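Letter by letter, the sequence shown follows residues 7 to 482 of our numbering.
Below: one structure, written as structure tokens.
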Amino acid sequence: MSAIIFPFNTQHSVLASPATPLALNDLLASYDVPGPRYTSYPTIDQCTESVGSIEFEDALRSRCLGGLRRPLSLYVHVPFCESVCYYCACNKVVTKKHDRVAHYLNCIEREAMLIARMGTGNLTPVTQFHMGGGTPTFLNDQELLGLVQGLKMVFPFAANAEMSIEVDPRTVDEVRLLSLRGIGFNRISFGVQDFDPQVQKAVHREQSFESVDTLVKAARRFGFESINVDLIYGLPKQNPGSFAKTLDQLISLSPDRVALYGYAHMPERFKPQRRIHDADLPNAAGRVALLAQAIERMQTAGYDYIGMDHFAKPQDPLAVAKRQGRLHRNFQGYTTQPDADLIGLGVSAISKVGSVMVQNTRELNEYEDSLSRGHLAMFRGHECNRDDLIRYSVIMGLLCQGSVRFADFTLWHWIEFDTYFADALKRLHDFMAQGLVELTAEGIQVTALGWFFIRPIAMVFDRYFHQRTTGQSKVL
7 MSAIIFPFNT QHSVLASPAT PLALNDLLAS YDVPGPRYTS YPTIDQCTES VGSIEFEDAL
67 RSRCLGGLRR PLSLYVHVPF CESVCYYCAC NKVVTKKHDR VAHYLNCIER EAMLIARMGT
127 GNLTPVTQFH MGGGTPTFLN DQELLGLVQG LKMVFPFAAN AEMSIEVDPR TVDEVRLLSL
187 RGIGFNRISF GVQDFDPQVQ KAVHREQSFE SVDTLVKAAR RFGFESINVD LIYGLPKQNP
247 GSFAKTLDQL ISLSPDRVAL YGYAHMPERF KPQRRIHDAD LPNAAGRVAL LAQAIERMQT
307 AGYDYIGMDH FAKPQDPLAV AKRQGRLHRN FQGYTTQPDA DLIGLGVSAI SKVGSVMVQN
367 TRELNEYEDS LSRGHLAMFR GHECNRDDLI RYSVIMGLLC QGSVRFADFT LWHWIEFDTY
427 FADALKRLHD FMAQGLVELT AEGIQVTALG WFFIRPIAMV FDRYFHQRTT GQSKVL
């Protein structure tokens, strides 16, 4: 997925200057190179089979030592989809057979109980619960209700927990939305991607604007606290004219948040993408134009650019947290939640507790077989060392606050920043010369223009990226 960040104060938008767009487009094109999305650091591709359930259990048992009571986030991955979307790079199982669900849910229940036993006495209430996929709404209402109720019996949930679910608009109606609200979901995300019929046909995901409009209005009536809509730029058949109409339709929906991702075309890794014809994809300049078009249109409509791939209305808690310096980032993207330990359930799900990150097997049969035998299905992991933790602080400081204070690293990590990161600071020189970063004796500050390039700026401090740069999604 792609990402781009806009300045804190949109009144000083770099797009406001008529002389800027050409220079901006040139810069965007020059930094259109592979790079991580940094929902974690280190990124998941640094995991190896040498770290797994043993290290994870140790992390669970020690998570509250010293009186530290970190919040808990819970994620459930539902891999099932009734049809394949050609652009998709998620872990999924395409099937119309719903009889597979019961066994899968039993495995999730077993996994939850195994993990809860490992962390006996150390599991603080869940403050953030998210269901993703695949298509979570592949499950019927009774299955979803049973899953949520079962998890609440295993894990304590905070009374005000954020409970969100990803929804394919083609799989729900108003009655189902009301049921989701009754189950306890208070945040909802609609996967739209594009409203243009030709684009939808090219990616095998056809849905009318009218149907989405009906659902968004219903979600608002039913009291969902946050409504998000996902869009993707860089899809086949997209052009400035069609995308302008999609943006206008999106804005008419007035969602609280918008996630704008860049399509990462990697057919060698993701088989469904082989059905997309390269000739139908916009070129690099076309991608940049679509991105700049979306940013300008969303800001004109009054949305704040939060960071990486998120817009939000100014009064939305995400935008408020950005202005107040309370923004955080985890495997679900930007969040108002403070740094939390994450427990992931289901095939390919990722967990991160303390300094230990683990991932479940990506193969459904392997996942179900492991849980059926009473074993966790974790197949790889990573235990952060001191250098990882220091670099995490730098990268997240840049991504969330746009700044790094050297004194903080002397105080908390006992390092002299300019000595420890001498090589990285040299790599910042090009960004400084282009007016993207300001470097002073006190620290690093990303400029208004620099917010567009926050990912390549953060990559400067990524030790693993500079060791291996293949297999990453596009930066822009």
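Even glycine gets a Cβ: it sits at the ideal position worked out from N, Cα and C.
Bear in mind the structure is a predicted one, so any value in this text is a computation, not a measurement.
Asked, Found
"The alpha helix (DSSP H) spanning Q148 covers which residue range?", "147–160"
"To the nearest angstrom, report how far apart D345 and A285 are at their CA atoms.", "43 Å"
"Report the rounded CA-to-CA distance for T16 versus Y309, giving the unit in angstroms.", "Note on T16: pLDDT 29, under 50, position unreliable in the model; the coordinate value appears next. So the alpha carbons of these two residues sit roughly 9 Å apart."
"Less than 6 Å between C-beta atoms, sequence neighbours within five positions excluded: which residues of the same chain meet that for L33?", "none"
"Taking 6 Å as the limit between beta carbons, can you name the residues of its chain near A65, skipping five residues before and five after?", "V359, G360, V362"
"Taking all protein chains shown into account, decide if L28 is buried (16 or more other Cβ within 10 angstroms of its Cβ) or exposed.", "Note that L28 scores a pLDDT of 41, beneath 50, so its modelled location is shaky; the value from the coordinates is reported in the next line. Label assigned to L28: exposed."
"Is the separation between the beta-carbon of Y92 and that of R281 shorter than 7 Å?", "yes"
"From L425 to K251, what does the alpha carbon distance come to, in whole angstroms?", "Note on residue identity: the sequence assigns Thr, not Leu, to residue 425. The straight-line gap from Cα to Cα measures roughly 51 Å."
"Taking C-alpha atoms, which residue in I356, L377, S232, H283 lies nearest to D322?", "S232"
"By how many angstroms is the C-alpha of V209 removed from the C-alpha of K187?", "With the sequence shown as reference, residue 187 is identified as Arg, and Lys is not the correct amino acid for it. Cα to Cα, the separation comes out at about 30 Å."
"How close, in whole Å, do the beta carbons of E168 and F196 come, if the pair is a contact with beta carbons under 8 Å?", "About 17 Å; that fails the 8 Å criterion."
"Would P142 pass as a contact of A164 if the rule is Cβ separation under 7 Å?", "no"
"Which residue comes first and which comes last in the beta strand (DSSP E) that contains L80?", "78–84"
"Which first and last residues belong to the alpha helix (DSSP H) in which N112 is found?", "107–124"
"How many angstroms separate the CA atom of E274 from the CA atom of A95?", "11 Å"
"Tell me which same chain residues have a C-beta within less than 6 Å of the C-beta of N97, skipping the five on either side of it?", "P85, S354, R368"
"What alpha helix (DSSP H) runs, 4 residues minimum, are completely inside the segment 194–223?", "203–209"
"Tell me the DSSP bridge mates of I189?", "According to DSSP, which records beta bridges pairwise, I189 is partnered with nothing at all."
"Quick one: give me the first and last residue of the beta strand (DSSP E) that V90 is part of.", "No beta strand (DSSP E) holds V90; DSSP gives it neither H nor E."
"Residues in its own chain within less than 8 Å of F144 by CB, not counting five upstream and five downstream?", "V84, F86, C87, E88, H104, V107, T177"
"From the DSSP output, which residues share a beta bridge with H334?", "T341"
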